[in-house]
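Novice: Pasting a structure here, questions to come.
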Amino acid sequence: MSAKKILVIVGACFAGLILLFLGSIALSTLIFSDKEKGFASGPGVGLVEVKGMIVDSTEAIRQLRHFAKKDSVKAVVLRIDSPGGVVGPSQEIYEEVRKLAATKKVVVSMGSLAASGGYYIAAPASVIYANPGTITASIGVLIKFSNLEGLFGKLGVSSTTIKTGSFKDAGAPDRPLSPEDRAMFQALIDSTHEQFVKAVAEGRKLPVDEVRRIADGRVLSGEQARALKLVDKLGNLPDAVEEAGRLAGISGEPALILPPKKKVNYLELLAEGAEEKFNGVLNKAVGRGLQVTYE
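The opening position of the sequence shown corresponds to residue 353 in this note's numbering, with each subsequent residue numbered one higher.
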């Protein structure tokens, strides 16, 4: 093969690689654009969804803050389908919803389940919609412990703990809870539960004692929750969107604006994947540690 043909082939391959690279950039920009995508453009209603266990507040807060800054977003619908989750993230989302509701109308639409932490984040909204059969409320807090002392004994496994105080290994799986441990955890639970009760009372503008009477972990249907003033109206997601548009003064059917997609950093994604696999093995070996949850 002549040198000229080799140069032509190399040049064609190089040009092809450049075109492939530029095409990849264009496709990534299209898929991961930071612009809102929805059913229509212009003034409308933003949609934020919280689904599954609440273990991280980052994405929900990012979306709520994004809509708070957008003048074209006149109101926000918060769609919740969650059984609850960890206390800290639930409280962080609650606070962000509360701040947004002070400047724009926030309408909650409950799906099949919005219980415990799922109800917690709904409480400060301007209006709460639920389906008649939505499972909600479950205002309560819990900590779960596993005692594997008997199993360890059968396996011939023993452990030694060196600690700085009597409570440092409270809840460890290799020993039972002492009365002092139990009293300490009960005080923690009572404090966190009282925070939940006060948050619901403040968000729903109800007397604290009225909320406390039903804050025993009981679950309610959407219909029952409305009778107890934990929910305002019965209806589905389109009803909530329509209500948000009406409250925002939008004439006609409001445009639904979806939040921007989170930009993907592939290096971070790979690192997080490796970390998650490592933590998964670690958690299976030693447990997840202390977690106080609304569930």
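Just so you know, even glycine gets a beta-carbon here, dropped at the ideal spot from N, CA and C.
For a test of the three-state rule: what should DSSP assign to ASP591, helix, strand or coil?
Specialist: Three-state DSSP puts ASP591 in a helix.
Novice: Under the rule that 16 or more other beta-carbon atoms within 10 Å means buried, what is PHE548, buried or exposed?
Specialist: By the neighbour-count rule (16 or more Cβ atoms within 10 Å), PHE548 is buried.
Novice: With a threshold of 6 angstroms on Cβ separation, who are the neighbours of SER424 within its own chain once the five nearest residues in sequence on each side are excluded?
Specialist: Contacts found: PRO395.
Novice: Report the three-state DSSP secondary structure of VAL549 (helix, strand or coil).
Specialist: Note: VAL549 maps to helix in three-state DSSP.
Novice: Kindly indicate the opening and closing residues of the alpha helix (DSSP H) around ASP584.
Specialist: Unbroken run through ASP584: none, as it is neither H nor E.
Novice: Kindly list the residues whose CB is nearer than 8 angstroms to the CB of VAL571, restricted to its own chain and excluding five residues on each side of it in sequence; keep chain order.
Specialist: Cβ neighbours of VAL571 beyond the five flanking positions: ALA467, ILE487, THR488, ALA489, SER490.
Novice: Going by DSSP in three states, GLU605 sits in which element: helix, strand or coil?
Specialist: In this structure, GLU605 counts as coil in the three-state DSSP scheme.
Novice: What three-state label does DSSP hand MET462 in the structure shown?
Specialist: Residue state, collapsed to three classes: strand.
Novice: Under a Cβ-count criterion, where at least 16 other Cβ atoms within 10 Å of its own Cβ denotes burial, should VAL407 be classed as buried or exposed?
Specialist: Exposed is the call here.
Novice: Using 10 angstroms around the beta-carbon of GLU388, count the other beta-carbons present and answer buried if the total reaches 16, otherwise exposed.
Specialist: With a pLDDT of only 45 at GLU388, under the threshold of 50, the placement of this residue in the model should not be trusted; the figure read from the coordinates follows. So GLU388 ends up on the buried side.
Novice: Write down every uninterrupted run of the beta strand (DSSP E) in the stretch 423-500 whose length is 3 residues or greater and which is fully enclosed by it, in chain order.
Specialist: 425-434, 457-467, 479-482, 487-489, all fully within the stretch 423-500.
Novice: Taking the straight line between their C-alpha atoms, what separation do you get for ALA567 and GLY508?
Specialist: Approximately 44 angstroms between the Cα atoms of the pair.
Novice: Across which residues does DSSP place SER573 in a beta bridge pair?
Specialist: Answer is ILE487, bridged to SER573.
Novice: Could you work out which residue in VAL429, GLU501, GLN415 is closest to VAL680 when comparing CA atoms only?
Specialist: This structure leaves residue 680 out entirely; the chain is present only between 353 and 647.
Novice: Under a Cβ-count criterion, where at least 16 other Cβ atoms within 10 Å of its own Cβ denotes burial, should GLU532 be classed as buried or exposed?
Specialist: By the neighbour-count rule (16 or more Cβ atoms within 10 Å), GLU532 is not buried but exposed.
Novice: Rounded to the nearest angstrom, what separates LEU529 and MET536 at their Cα positions?
Specialist: One C-alpha to the other measures close to 10 angstroms.
Novice: When you compare only the Cα positions, how much space is there between LYS456 and VAL397?
Specialist: Cα to Cα, LYS456 sits roughly 10 angstroms from VAL397.
Novice: Buried or exposed for THR544, please, with buried defined as at least 16 other CB atoms from any protein chain shown within 10 angstroms of its CB.
Specialist: Its Cβ being crowded by 16 or more others within 10 Å, THR544 is buried.
Novice: Suppose contacts are defined by Cβ-Cβ distances below 9 angstroms. Is LEU463 in contact with LEU589 by that definition?
Specialist: At residue 463 the sequence reads Gly, which differs from the Leu that was named. Yes, they are a contact pair.
Novice: Tell me, which residues are paired with LYS650 by DSSP?
Specialist: Since the first residue shown for the chain is 353 and the last is 647, residue 650 is missing from the structure and cannot be characterised.
Novice: Which residue from VAL493, GLU562, LYS515 puts its Cα closest to that of GLN538?
Specialist: Looking at the Cα atoms, VAL493 is the closest of the given residues.
Novice: On a Cα-Cα basis, can you pick out the residue from SER409, SER434, LEU416 that is closest to LEU399?
Specialist: When each option's Cα is compared against that of LEU399, the closest is LEU416.
Novice: Are the CB atoms of VAL438 and GLY469 within a distance shorter than 9 angstroms?
Specialist: Cβ distance < 9 angstroms, so GLY469 and VAL438 count as in contact.
Novice: Measure the beta-carbon distance from GLU401 to ARG431 and round it to whole angstroms, keeping in mind my assumption that it falls under 8 angstroms.
Specialist: 5 angstroms between Cβ atoms; contact.
Novice: Roughly how many angstroms separate the alpha carbons of ASP433 and THR512, rounded to a whole number?
Specialist: Looking at the two C-alpha atoms, the distance is approximately 43 angstroms.
Novice: How big is the Cα-Cα spacing for GLY574 and ASP591?
Specialist: When rounded, the distance between both Cα atoms is 15 angstroms.
Novice: As a quick exercise: from SER409, PRO484, LEU610, pick the residue whose alpha carbon is nearest that of GLU448.
Specialist: Comparing Cα positions, the closest option is SER409.
Novice: Report the three-state DSSP secondary structure of ALA610 (helix, strand or coil).
Specialist: Sequence inspection shows Leu at residue 610; the Ala mentioned does not correspond to that position. Correct three-state label for LEU610: strand.
Novice: Please classify ALA524: is it buried, with 16 or more other beta-carbons within 10 angstroms of its beta-carbon, or exposed?
Specialist: By the neighbour-count rule (16 or more Cβ atoms within 10 Å), ALA524 is buried.
Novice: Kindly indicate the opening and closing residues of the alpha helix (DSSP H) around ALA565.
Specialist: One detail in the question is off: residue 565 reads as Arg in this sequence, not Ala. Unbroken alpha helix (DSSP H) run through ARG565: 560-566.
Novice: Just mark SER442 as buried or exposed, buried being the case when its beta carbon has 16 or more other beta carbons within 10 Å.
Specialist: Buried: at least 16 other Cβ atoms inside 10 Å.
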